[in-house]
């Protein structure tokens, strides 16, 4: 799409439900999932609510808003290659954070394997920890009619009930981290396991 100054652009939204700011939140972001958490962090600061934020990226080059984030005392930056902050993944530092001050509520946005790990962490340490998880799905209608963005096993529609869902809501999700439906509504074919002789 080529858009130039003065062109009209149609926008729809916002749709669904977002994060609910809460005192003592620990934000866990992976990659581009840190973008919505930046807005949540701004809301938490405006409401004068305490929070901690674990920012996970692959490399230092992947860290958006670097100048801003490096000066925020609430942030712990983690990179997979160790080029900025601590070496590792965002989920890897949750246990240490919990040891220093118990985690009372989690909010996560990022790749689904990371969301699954955050959800698992919460269930391991305390199933009572409120967890808010932001899901990404291809949305066609964005009003819940087409079923394109449903989470299998639950029927939850990311465009209506989500994109931010609670840990309790996603207990029955059967497709964590698996490829989801594309623009056609079909799932990509599953890769066949390689048989070794």
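Residue numbers (our numbering): 2 to 198. We treat Cβ as the ideally placed atom computed from N, Cα and C, and that holds for glycine. Values in this document were obtained by computation on a predicted structure and should not be read as measured data.
In the displayed model, residue 53 falls within a strand according to three-state DSSP.
A distance below 6 Å between beta-carbons, with the five flanking residues on each side excluded, links residue 188 to the following residues of its chain, in chain order: 182. Take residue 161, set aside five residues on each side of it, and the residues of its chain with a beta-carbon closer than 8 Å to its own are 16, 17, 144 and 145, in chain order.
Ranked by how close their Cα comes to the Cα of residue 80, the residues 42, 31, 66 and 179 have 31 in first place. From the listed residues 130, 142, 59 and 184, the smallest Cα separation to residue 104 is found for 130. Distance from the Cα of residue 53 is smallest, within the candidate group 64, 106 and 87, for 106. For residue 171, no beta strand (DSSP E) segment is defined, and its DSSP state is neither H nor E. Nearest to residue 174 by alpha-carbon distance, out of 134, 140 and 185, is 134.
Under the three-state reduction of DSSP, residue 106 is assigned to strand.
Residue environment: residue 110 is assigned as buried (16 or more neighbouring CB atoms within 10 Å of its CB, all protein chains considered). Within the same chain, Cβ atoms closer than 8 Å to the Cβ of residue 71 are found at 78, the five residues on either side in sequence being excluded. In the three-state reduction of the DSSP assignment, residue 73 falls in the coil class. Here DSSP, grouped into helix, strand and coil, assigns residue 133 to strand.
In the structure shown, the three-state DSSP call for residue 124 is helix.
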